[in-house]
Amino acid sequence: MSEQQDREAILELHRTWWEANHRLVIPEMQSVFPSGDAYLMFNLNGHPYFGLEEKTKLWEHYQGQLDIVEYPELQVMRLTVSGDMAWLACEGIFPVRATGADGLGSESVKVGDGIDRMHLRATEIYQRNDGDGNPKWKMWHFHCSPMPPSDEPRPGLGGSQKERGIGGGPGITPVRVTRTGSRD
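Once you know that position 51 of the sequence shown is 51 in UniProt numbering, the rest is easy, because the numbers rise by one and skip nothing.
Set out below in C-alpha cells:
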C-alpha cells in the first residue's frame, strides 16, 4: 500500500468508528478494532476497557443509557503513518443525551436529559494487524477526554478553542470525514 492508501484506510476506520457512535451501532464499531483482548480504550467516562468483548458490553450497556442524537462533529488535527503504525489526533463535539439513570456512568463526566454538546479530544493508535496477524489496519488504542470550555484561554499562552476553531492550530488544516446531522 502507498502512504496515501494507508491514510485513506485509516481515515475510513476513523469515520466508521465515529459514525458508529451515532445510535451505538455495534457491528460497525466492531469492524474498526482488532480481534482478541489486545485492544485498549480509555473511554470518555474515564474508565479503561480491554478488548473487543468488553467494548461490546459497554456499548450494550450504553444502548439503554444514552442517545447520541447526531453524528459527532470531529476534526482530524494530525494523522501520522510510519510503517505499520499510525496515530491520529482529533477534537470535536459529541451530541449526547442521557436516557437512563446511569448516563455515562461516571462522576467525572455528567450528561443530562437534554442534549449535551460535549467538547472532546481523542487520540487513536492504529496498527496494520487485524489481531490475527493479517496485514489490515485496525485501531488498537483509543483515548478520549473532555476539552476545557471553548472560550477558556490556554494557561501561559492565551487563545481558546473558540478562537482557533475545532481542530485548528498552528499549521493545521482540520479534516472532517464524518457526516453531519442525524440518521433519522
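Backbone N, C-alpha and C fix where the C-beta goes; we use that ideal spot for every residue, glycine too.
Residues near residue i in its chain [Cβ-Cβ closer than 6 angstroms; skip 5 each side]
i: Ala89; result: Met77, Arg78, Thr123
i: His143; result: Phe42, Thr123
i: Ala20; result: Glu28, Met29
Enclosing beta strand (DSSP E) for residue i [first to last residue]
i: Lys138; result: 137-146
i: Tyr71; result: Run containing Tyr71: none; DSSP gives neither H nor E here.
i: Leu40; result: 40-42
For residue i, the first and last residue of its enclosing alpha helix (DSSP H)
i: Thr16; result: 3-21
i: Tyr49; result: Where Tyr49 is concerned, there is no enclosing alpha helix (DSSP H), although the beta strand (DSSP E) it sits in stretches over 48-50.
DSSP beta-bridge partners of residue i
i: Trp87; result: Thr80, Ile125
i: Pro95; result: Arg117
i: Leu66; result: Ala98
i: Gly169; result: Ile172
Where residue i sits in the DSSP three-state scheme
i: His119; result: strand
i: Arg164; result: helix
i: residue 188; result: As shown, the chain starts at 1 and ends at 184. That puts residue 188 outside it, with no answer to give.
i: Glu152; result: coil
i: Leu104; result: coil
i: Leu58; result: helix
Distance between beta carbons of residue j and residue i, contact taken as under 8 angstroms
i: Ser35; j: Gly131; result: 4 angstroms
i: Val111; j: Pro95; result: Wrong, their Cβ atoms sit about 11 angstroms apart, outside the cutoff.
i: Trp18; j: Pro72; result: 5 angstroms
i: Leu66; j: Gly103; result: 7 angstroms
i: Thr56; j: Val32; result: Not confirmed; about 12 angstroms, so no contact.
Own chain residues within Cβ distance below 8 angstroms of residue i, not counting five before or after
i: Trp87; result: Arg78, Leu79, Thr80, Thr123, Glu124, Ile125, Tyr126
i: Met147; result: Glu91, His119, Leu120, Arg121, Gln161
i: Gly100; result: Gly64, Gln65, Leu66
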